[in-house]
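Below: one structure, written as structure tokens.
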Amino acid sequence: MSPILFELKEGLAISLRAIRANKARAILTTLGIVIGITSVVLMSTAIKGIDNAFQTGVSSLGSDNLYIDKWEWFNNDIPWWELRNRKNLRLDDYEKYRELALLPTAIAPTVWSNQTVKYKDRTVELIMVQGTNHDYINTTNLTFNEGRFFNEYESNGGRQVVVIGFEIAKNLFPRGNALGEDVKIRGHKFKVVGILSEQGSWVMGQFNPDKQIFMPIQNVFKYFQNEFFRSITINVKAQNSLMVEATKEEAIGIMRKIRGLKYNQINDFSINQQEGLLNTINETVGVIQIAGLFITGLALFVGAVGIMNIMFVSVKERTKEIGIRKAIGAKRRSILGQFLTESAIICLIGGLIGLLLAVILSMIVNQFLPTSVQAETVVLAIFISLITGVISGFAPAFTASKLDPVEALRYE
Amino acid sequence: MNIINIEHIAKIYQVGSEEVHALADVSLRIDKGEYVAIMGPSGSGKSTLMNILGCLDTPTKGVYNFKGTSVSQMNDNELASIRNKEIGFVFQTFNLLPRSDALHNVELPLIYAGVSSFERKERARAALEHVGLADRMTHKPNELSGGQRQRVAIARALVTSPSIILADEPTGNLDTKTGEDIMSLFLEISGQGNTIILVTHEEYIAEHAERIIRLRDGLIENDEIVKERFAPIKNGASKM
């Protein structure tokens with residue numbers, strides 16, 4: 000066995016012996032690290048969960064979708080008044096685009112309005128009513144509990160039909176049987192033809208389809224909004240993600256033509272993509288991540304300071320032991336190694352306990368935020384606790400290694 | 000053969016603005032196999048001399064040759080290595096690790112010498128048997144009597160087969176009867192050819208040695224052979 004390996008093995012044995020001999024102190028010492036590691040792991044798990052929720056939410060938009068809009072959704076450079084002064088996008092524009100566009104697999108105009116929906120004595124306040132066409136369903140991944148999306152005839156004919164989101168159905172029809180019933184919006188009756196299944200994109204807020212109602216777009220303009228003042232959004236689905244760019248180019252060309260732009264005029268519309276939203280979300284999650292890890296890092300730091308403190312006390316308390324070890328031939332390196340290993344093992348044990356706690360707690364968190372402790376988090380936590388042990392143990396261990404054997408032996 | 004050869008050694012401590020000469024000027028030779036007692040009242044410098052002889056401390060002035068190598072200029076790690084291989088310590092307060100059993104305490108110097116676990120256990124067991132503690136190996140210090148603790152310490156000193164055994168008041172914490180037992184153990188060890196340096200202030204303890212060096216005020220006052228070397232050891236030696 001090489002001398003280094005031998006010393007490592009013996010250092011480990013000595014440290015384990017010392018820890019076993021001082022169980023109570025070792026347990027108290029680990030506490031700081033247990034709390035630190037638990038909070039770090041929980042936090043990173045929670046952040047992972049938030050990130051996942053965002054990603055699921057965004058993916059409900061579909062990665063091969065384009066949104067032609069008057070507004071630039073994730074705008075950083077164009078002044079807002081310029082956007083405001085753009086011409087509204089009208090249903091006419093949609094119809095012309097639909098006629099000319101060859102690449103999309105689905106095109107749907109959308110406009111929304113916040114309305115209160117009633118069924119008998121039950122009410123849902125101010126939810127998002129989306130006006131669109133039959134093709135809308137093809138631009139999304141929405142699935143149904145019951146019924147269907149409204150069809151082309153209902154759409155073109157402006158029939159008074161609605162498709163309702165999961166939560167709205169739950170609130171208005173707690174006992175089910177929504178299909179075929181009439182709900183009332185501003186006194187107008189609409190027949191429920193479809194009930195969506197739960198989409199769970201809760202991070203999307205009111206854009207969560209669970210809290211939306213869909214109806215033919217004409218009805219929105221007829222009953223709730225003045226078509227003249229409202230700009231619509233045209234949802235466009237490309238054939239696949241590879242065709243997104245081509246579809247976008249085509250859309251720009253067609254839209255410029257529809258809007259009558261000259262070659263030297265800039266676009267007076269925007270083609271929005273999920274990508275923009277993703278960037279915004281990634282930025283937000285990044286901020287949460289940094290803030291969260293900083294705060295939990297503080298907890299870990301406090302734990303590390305605690306370890307350092309107790310290791311100092313331990314060195315003081317074991318001055319005589321150090322003196323004995325030195326007298327019978329322990330080199331500085333051996334003493335340093337002994338205390339470093341001890342501190343690292345204590346932290347490692349603390350880290351493992353913390354990890355276990357975090358796994359248990361994350362199961363509770365999982366009830367609110369679907370998440371689980373990742374393998375890389377586990378590895379990272381173990382690594383962090385080891386490093387914490389070595390760093391916080393270094394100063395005390397160094398002090399111990401430098402003790403004068405004569406003085407140390409005299410210490411009582 | 001010369002094991003210890005010190006020439007004009009001095010140890011000066013700075014206490015405030017005052018210089019304290021713990022050792023003023025000491026020259027001394029100790030041969031292999033000798034059984035030497037260093038005596039002196041407290042403050043005579045015998046502890047300082049023992050620390051220097053034991054390579055726990057280095058002299059301020061003078062030369063210390065241990066088996067022909069100068070140790071006066073060695074650094075901490077080199078001194079640690081000499082202590083580990085060449086010197087066995089026996090202390091007044093035993094200085095055992097309180098939470099380790101007798102066997103582990105005796106094993107300890109071998110760990111730092113880099114001896115494998117198996118060989119260590121064998122040698123530690125043999126050393127404990129040697130001092131008559133074959134049945135106490137798994138006892139911790141607080142489960143042993145004072146005399147037994149000192150025997151563990153002696154086994155620990157012997158286990159590395161050192162060139163010298165340094166005993167600092169080894170009977171100081173023991174009653175007379177137990178002290179005599181320990182002293183006859185030292186006699187036996189000495190009889191096996193070990194070099195022993197005994198530091199004591201008790202005349203009747205020093206009388207076990209073959210040579211007595213008396214210190215006073217940091218100087219050697221007297222250095223005399225009191226017994227023939229290789230005197231036959233009798234069981235009744237302790238009655239002296």
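Protein chains in written order, with numbering that gives the first Met the number 0: chain E, 0 to 411; chain D, 0 to 239. Ideal placement from N, C-alpha and C gives every residue a C-beta, glycine not left out.
Let's test the definition: count the other Cβ atoms within 10 Å of the Cβ of residue i and tell me whether it reaches 16, buried, or not, exposed.
{"i": "tryptophan 80 (chain E)", "result": "exposed"}
{"i": "glutamate 117 (chain D)", "result": "According to the sequence as given, residue 117 (chain D) is phenylalanine; it is not glutamate. So phenylalanine 117 (chain D) counts as exposed."}
{"i": "histidine 207 (chain D)", "result": "buried"}
{"i": "leucine 241 (chain E)", "result": "exposed"}
{"i": "lysine 233 (chain D)", "result": "Since pLDDT at lysine 233 (chain D) reaches only 49, below the 50 mark, its modelled position is unreliable, and the value read off the structure follows with that caveat. Lysine 233 (chain D) comes out exposed."}
{"i": "glycine 235 (chain D)", "result": "With a pLDDT of 45 at glycine 235 (chain D), under the threshold of 50, the modelled position of this residue cannot be trusted, and the question is left open."}
{"i": "tyrosine 34 (chain D)", "result": "buried"}
{"i": "glutamate 406 (chain E)", "result": "exposed"}
{"i": "aspartate 134 (chain E)", "result": "buried"}
{"i": "methionine 127 (chain E)", "result": "buried"}
{"i": "lysine 8 (chain E)", "result": "exposed"}
{"i": "asparagine 104 (chain D)", "result": "buried"}
{"i": "threonine 68 (chain D)", "result": "exposed"}
{"i": "lysine 238 (chain D)", "result": "The predicted position of lysine 238 (chain D) is uncertain, since its pLDDT is 39 and thus under 50; no value can be drawn from it."}
{"i": "proline 173 (chain E)", "result": "exposed"}
In terms of alpha-carbon separation, which member of the options lies closest to residue i?
{"i": "serine 46 (chain D)", "options": "D:Leu214, D:Asp222, D:Asn221, D:Ser189", "result": "D:Leu214"}
{"i": "alanine 107 (chain E)", "options": "E:Arg97, E:Ser38, E:Leu101", "result": "E:Arg97"}
{"i": "glutamate 128 (chain D)", "options": "D:Arg210, D:Ala154, D:Arg82, D:Glu201", "result": "D:Ala154"}
{"i": "aspartate 222 (chain D)", "options": "D:Ala23, D:Tyr12, D:Leu27", "result": "D:Leu27"}
{"i": "isoleucine 294 (chain E)", "options": "E:Tyr118, E:Gly35, E:Gly164", "result": "E:Gly35"}
{"i": "glutamine 217 (chain E)", "options": "E:Gln238, E:Glu151, E:Ile280", "result": "E:Glu151"}
{"i": "leucine 351 (chain E)", "options": "E:Thr340, E:Leu90, E:Leu41, E:Ser384", "result": "E:Ser384"}
{"i": "leucine 125 (chain E)", "options": "E:Ile13, E:Glu282, E:Phe206", "result": "E:Phe206"}
{"i": "tyrosine 118 (chain E)", "options": "E:Lys401, E:Ile231, E:Val182, E:Met214", "result": "E:Val182"}
{"i": "glutamate 168 (chain D)", "options": "D:Thr194, D:His138, D:Glu202, D:Arg135", "result": "D:Glu202"}
{"i": "threonine 44 (chain E)", "options": "E:Phe393, E:Thr370, E:Lys401", "result": "E:Thr370"}
{"i": "threonine 29 (chain E)", "options": "E:Phe73, E:Lys401, E:Val301, E:Asp209", "result": "E:Val301"}
{"i": "isoleucine 13 (chain E)", "options": "E:Ile363, E:Ser333, E:Val358", "result": "E:Ser333"}
{"i": "isoleucine 67 (chain E)", "options": "E:Asn51, E:Ala100, E:Thr55, E:Ala52", "result": "E:Ala100"}
{"i": "phenylalanine 310 (chain E)", "options": "E:Ala329, E:Arg258, E:Leu299, E:Pro395", "result": "Per the sequence presented here, residue 310 (chain E) reads as methionine, with phenylalanine not at that position. The option with the nearest alpha carbon to methionine 310 (chain E) is E:Pro395."}
{"i": "lysine 319 (chain E)", "options": "D:Phe93, D:Asp56, D:Gln72", "result": "D:Phe93"}
{"i": "glutamate 6 (chain D)", "options": "D:Val19, D:Met0, D:Phe65", "result": "D:Phe65"}
Strictly below 7 Å CB to CB, what residues from chain D border residue i?
{"i": "phenylalanine 5 (chain E)", "result": "Gly113"}
{"i": "leucine 360 (chain E)", "result": "In chain order: nothing, as chain D lies at least about 36 Å away."}
{"i": "leucine 11 (chain E)", "result": "Within chain D, no residue comes near leucine 11 (chain E); the closest Cβ sits about 12 Å away, beyond 7 Å."}
List, in order along the chain, the chain D residues whose C-beta lies closer than 8 Å to that of residue i?
{"i": "valine 405 (chain E)", "result": "Asn50, Leu55, Asp56"}
{"i": "leucine 408 (chain E)", "result": "Leu55, Phe90, Asn94"}
List, in chain order, every chain E residue whose beta-carbon is nearer than 9 Å to that of residue i.
{"i": "valine 99 (chain D)", "result": "It is worth fixing the name first, because residue 99 (chain D) is serine in this sequence and not valine. Those are Arg16, Ala20, listed as they occur along chain E."}
Using a Cβ cut-off of 7 Å, pull out every chain E residue sitting near residue i, in sequence order please.
{"i": "aspartate 75 (chain D)", "result": "Arg331"}
{"i": "phenylalanine 88 (chain D)", "result": "Ala326, Ile327"}
{"i": "asparagine 83 (chain D)", "result": "Ile327, Gly328"}
Tell me, which residues are paired with residue i by DSSP?
{"i": "glutamine 413 (chain E)", "result": "This structure cannot speak to residue 413 (chain E), because chain E is shown only from 0 to 411."}
{"i": "lysine 190 (chain E)", "result": "E:Val160, E:Asp181"}
{"i": "valine 35 (chain D)", "result": "D:Ile196, D:Arg210"}
{"i": "threonine 68 (chain D)", "result": "D:Phe65"}
{"i": "serine 269 (chain E)", "result": "E:Asp68"}
{"i": "threonine 232 (chain E)", "result": "E:Thr109"}
{"i": "glycine 285 (chain E)", "result": "Its beta-bridge partners do not exist; DSSP assigns none."}
{"i": "isoleucine 224 (chain D)", "result": "D:Arg210"}
Please list the partners that residue i has in chain E, where partner means a Cβ-to-Cβ separation under 8 Å.
{"i": "serine 80 (chain D)", "result": "Gly328, Lys330"}
{"i": "arginine 155 (chain D)", "result": "Ile327"}
{"i": "proline 108 (chain D)", "result": "Ile327, Gly328"}
Consider the C-beta atom of residue i and the heavy atoms of the ligand MN; say whether any pair is separated by less than 7 Å.
{"i": "phenylalanine 165 (chain E)", "result": "What this structure holds is no ligand at all, so the ligand MN is not there to describe."}
Contacting positions in the segment 315-340 of chain E - beta carbon closer than 9 Å to chain D: Lys319, Glu320, Gly322, Ile323, Arg324, Lys325, Ala326, Ile327, Gly328, Ala329, Lys330, Arg331, Arg332, Ser333
Chain D contacts from the segment 13-24 of chain E (Cβ-Cβ distance under 9 Å): Here the close residues are Ile13, Arg16, Ala17, Arg19, Ala20, Asn21.
Taking Cβ-Cβ distances below 8 Å as the criterion, which residues of the segment 13-44 of chain D are in contact with chain E? none
Residues in the segment 197-210 of chain D with C-beta within 8 Å of chain E's C-beta atoms, listed in sequence order? none
Interface positions of the segment 159-176 of chain D facing chain E (Cβ-Cβ less than 9 Å), listed along the chain: Thr159
Mind listing which residues of the segment 134-145 of chain D have their C-beta closer than 8 Å to chain E's C-betas, in chain order? none
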